[in-house]
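Q:
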Amino acid sequence: MKKRLIVILGPTAVGKSAVAVRLAKKCNGEVVSADSRQVYKGLDIGTGKITEKEMRGVPHYLLDVADSKKWFSVVEYQKLAREKIREIFSRGRVPIVCGGTGFYIQSIVDGIVLPEVPPNKALRTRLEKKTVMQLFVILKKLDTRRTKTIDRNNPRRLVRAIEIVKALGKVPPLQHSNILENVGVFYIGLALPHAVLKKNIAKRLQKRVRGMIVEVKRLHVAGLAWKRMEVFGLEYRYIARFLQKKVSREEMLAQLEKEIGYYAKRQMTWFKRNGEIEWFSPMEAKKIGKLAQKFLRKTSS
Numbered sequence: 002m003k004k005r006l007i008v009i010l011g012p013t014a015v016g017k018s019a020v021a022v023r024l025a026k027k028c029n030g031e032v033v034s035a036d037s038r039q040v041y042k043g044l045d046i047g048t049g050k051i052t053e054k055e056m057r058g059v060p061h062y063l064l065d066v067a068d069s070k071k072w073f074s075v076v077e078y079q080k081l082a083r084e085k086i087r088e089i090f091s092r093g094r095v096p097i098v099c100g101g102t103g104f105y106i107q108s109i110v111d112g113i114v115l116p117e118v119p120p121n122k123a124l125r126t127r128l129e130k131k132t133v134m135q136l137f138v139i140l141k142k143l144d145t146r147r148t149k150t151i152d153r154n155n156p157r158r159l160v161r162a163i164e165i166v167k168a169l170g171k172v173p174p175l176q177h178s179n180i181l182e183n184v185g186v187f188y189i190g191l192a193l194p195h196a197v198l199k200k201n202i203a204k205r206l207q208k209r210v211r212g213m214i215v216e217v218k219r220l221h222v223a224g225l226a227w228k229r230m231e232v233f234g235l236e237y238r239y240i241a242r243f244l245q246k247k248v249s250r251e252e253m254l255a256q257l258e259k260e261i262g263y264y265a266k267r268q269m270t271w272f273k274r275n276g277e278i279e280w281f282s283p284m285e286a287k288k289i290g291k292l293a294q295k296f297l298r299k300t301s302s
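Heads up, the sequence shown is in the working numbering, so the first residue is 2 and it goes up one at a time.
1) State buried or exposed for residue 120, treating a residue as buried only when at least 16 other CB atoms are found within 10 Å of its CB.
2) Note the first and the last residue of the continuous alpha helix (DSSP H) segment covering residue 156.
3) On the DSSP bridge assignment, give the partners of residue 87 in chain order.
4) May I ask you to report which of helix, strand or coil DSSP gives residue 109?
5) When you compare only the Cα positions, how much space is there between residue 301 and residue 285?
6) Could you give the distance in angstroms between the alpha-carbon of residue 55 and the alpha-carbon of residue 140?
7) Could you give the C-beta distance for residue 190 and residue 11, rounded to a whole number, given that I count them as a contact under 8 Å?
8) Is the shortest distance between the beta-carbon of residue 130 and the beta-carbons of chain D less than 8 Å?
9) Going by alpha carbons, who is nearest to residue 265 out of 194, 216, 219 and 276?
10) Under 8 Å: do the segment 22-35 and the segment 261-279 share three or more Cβ pairs, one atom per stretch?
11) Less than 8 Å between the CB atoms is what I'm expecting for residue 201 and residue 14, so what's the real figure, rounded?
12) Quick one, are the C-beta atoms of residue 240 and residue 217 less than 8 Å apart?
13) Would the beta-carbon of residue 47 fall within 8 Å of that of residue 236?
14) In angstroms, rounded to a whole number, what distance separates the CA positions of residue 137 and residue 263?
15) Rounded to the nearest angstrom, how far is the Cβ of residue 45 from that of residue 102, given a contact under 8 Å?
16) Measure how close the beta-carbons of residue 89 and residue 109 come, nearest whole angstrom, since I'm counting them as under 8 Å.
17) Under a three-way DSSP split, which group does residue 302 fall into?
18) What is the rounded straight-line gap between the Cα of residue 158 and the Cα of residue 212?
19) What first and last residue would you give for the beta strand (DSSP E) that runs through residue 191?
20) Work out the CA separation of residue 62 and residue 162 for me, nearest whole Å.
21) So, at 6 Å on beta carbons, what are the nonlocal neighbours of residue 231 in its own chain, with the 5 sequence-adjacent residues on each side left out?
22) For residue 8, which three-state DSSP category applies?
23) On the DSSP bridge list, what partners appear for residue 99?
24) Which first and last residues belong to the beta strand (DSSP E) in which residue 279 is found?
25) Quick check on the burial criterion: 16 or more other C-beta atoms within 10 angstroms. Buried or exposed for residue 50?
26) Beta carbon of residue 24, beta carbon of residue 224: below 8 Å?
27) Which value, in whole angstroms, describes the spacing of the CA atoms of residue 123 and residue 71?
28) Helix or strand or just coil, what does DSSP make of residue 241?
29) Which residue's Cα is closest to the Cα of residue 118: 171, 60, 199 and 126?
30) Expressed to the nearest angstrom, what Euclidean distance is found between the alpha-carbon atoms of residue 287 and residue 273?
Put into structure tokens, the structure is as follows:
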């Protein structure tokens, strides 16, 4: 029997976690998170991290595995995620990769071989003071080719790319290896009409804003610098600016809602490059469940 892996992906606020839990219950699955901010301890409300109650007894992995004060690379994520997937297979259960970070998902499933360049703390300290536009300009001067594929609004990706260029002279093209051999993959994409997703983003933001402000205050008191929160982006960036009195509450909410919308659009742009994804509405949970069970019953040819 060929091993089977399910991937649930889609933009923020589309309802991926609930679908993953429901599917795991139906298909004897365990969930491996693929979210570049939910790996960090303490980043809970702002990242929309699933709660223990919402998990409904389904095991979840790759949440809270990194110190928020330290950098956590996709190489580290890839290693931990693949180990967990192998463990899940060894128990005869189904790994369900769920998240919105496309590069994390690609690093697991496509067997990407990433350059092993160690962190350059001195360089990172200097680069953390730069804006995303300044980082993009620096990278463009060093490696124009890389700027054509990178998320220009993601400071962590930009800093890492600059770090690799400084070490290797350029960012090498991605290579692949068959680390997850003999594994069939079912890509489940969740999407909503633009107007509906926009409404979901606004509703979720209003519901969580008080808790997020308390969370950001707590993180700062615990020693997480405002500049570090800028790196985490979105909720942490704009709430940090609000708490520093750089923007009003109204400005913070308006800017944050707009930026989350832009982020969702960038996520969809990334996912649409993968022609293997089958797209569904999150309300089609029963249909998704039936198709997933059919996929899991298949044997290798």
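Glycine residues also receive a C-beta, built at the ideal position from the N, C-alpha and C atoms.
A: To lay it out plainly:
1) Result: exposed.
2) In the DSSP assignment, residue 156 falls within the alpha helix (DSSP H) that extends over 156-169.
3) Secondary-structure assignment with DSSP links residue 87 through no beta bridge to anything.
4) Shown here, residue 109 sits in a helix according to DSSP, grouped into three states.
5) With a pLDDT of 43 at residue 301, under the threshold of 50, the predicted position of this residue should be treated as unreliable, and no value is reported.
6) Going from the Cα of residue 55 to the Cα of residue 140 covers about 41 Å.
7) 6 Å between Cβ atoms; contact.
8) Given the protein chain composition of this structure (a single chain), no chain D is represented.
9) For residue 265, the closest alpha carbon among the candidates 194, 216, 219 and 276 is that of 194.
10) Below 8 Å, too few C-beta pairs join the segment 22-35 and the segment 261-279 to call them touching: fewer than three.
11) Residue 201 to residue 14, Cβ: 4 Å. Contact.
12) Between residue 240 and residue 217, the C-beta spacing is below 8 Å.
13) Between residue 47 and residue 236, the C-beta gap is smaller than 8 Å, which places the two residues in contact.
14) Between residue 137 and residue 263, the C-alpha separation is close to 18 Å.
15) About 17 Å separates the two Cβ atoms, so there is no contact after all.
16) Residue 89 to residue 109, Cβ: 12 Å. No contact.
17) Residue placement at residue 302 is poorly supported in this model, since its pLDDT is 43, which falls under 50; the coordinates still yield a value, given next. Residue 302: coil per DSSP, three-state reduction.
18) For the pair residue 158 and residue 212, the Cα-to-Cα distance works out to about 28 Å.
19) Per DSSP, residue 191 is one residue of the beta strand (DSSP E) stretching across 184-191.
20) About 27 Å.
21) The residues are 238.
22) Note: residue 8 maps to strand in three-state DSSP.
23) Beta-bridge pairing links residue 99 to 9 and 34.
24) In the DSSP assignment, residue 279 falls within the beta strand (DSSP E) that extends over 279-281.
25) Residue 50 is buried by the Cβ-count criterion.
26) Not closer than 8 Å, so no.
27) Taking the straight line from one Cα to the other gives about 13 Å.
28) Residue 241: helix per DSSP, three-state reduction.
29) Nearest option by C-alpha distance: 171.
30) Looking at the two C-alpha atoms, the distance is approximately 24 Å.
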